[in-house]
Amino acid sequence: MSDAAIAALPTFAYEQAQADDAAVDCAVCLGQLEAGEKARRLPKCAHLFHAECVDAWLRAHCTCPMCRAPVGLAAATSSKKDGTTETTPAPATATATTGTAEALPPV
């Protein structure tokens, strides 16, 4: 992801959970989020990370480090000179096939 797209994701100061709630760990660095630390919650899956950790991850990947949900806008919208807007769909995600069915002997 671009730095501008990452910066557009909201950040906030993490507030420690209630005493009966489980501690929240950053899945990138495996450290616990502490009160007052800068945190980022991903918009689609709502997973929570240290902002610095997930920003580094998102520079190399466009998915959540925990669930691999896509991060960012589903489509890009741009303005034209005549005042209209044009929407470009996000690229399709490719999935790999292993071809194991073809490699198996007949039954």
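End of the sequence shown = 107 in full-length UniProt numbering, gap-free, step of one.
The C-beta atom is built at its ideal place from N, Cα and C for all residues, glycine as well.
Predicted model only: the values in this text are computed from it and were never measured.
The DSSP-derived three-state label of L48 is strand.
The beta carbons of R59 and F12 sit no closer together than 9 angstroms. By the Cβ neighbour-count rule, C64 is buried, with 16 or more other Cβ atoms within 10 Å of its own.
In the DSSP assignment, A13 is bridged to K38.
Between V71 and C62, the CB-CB gap stays under 9 angstroms.
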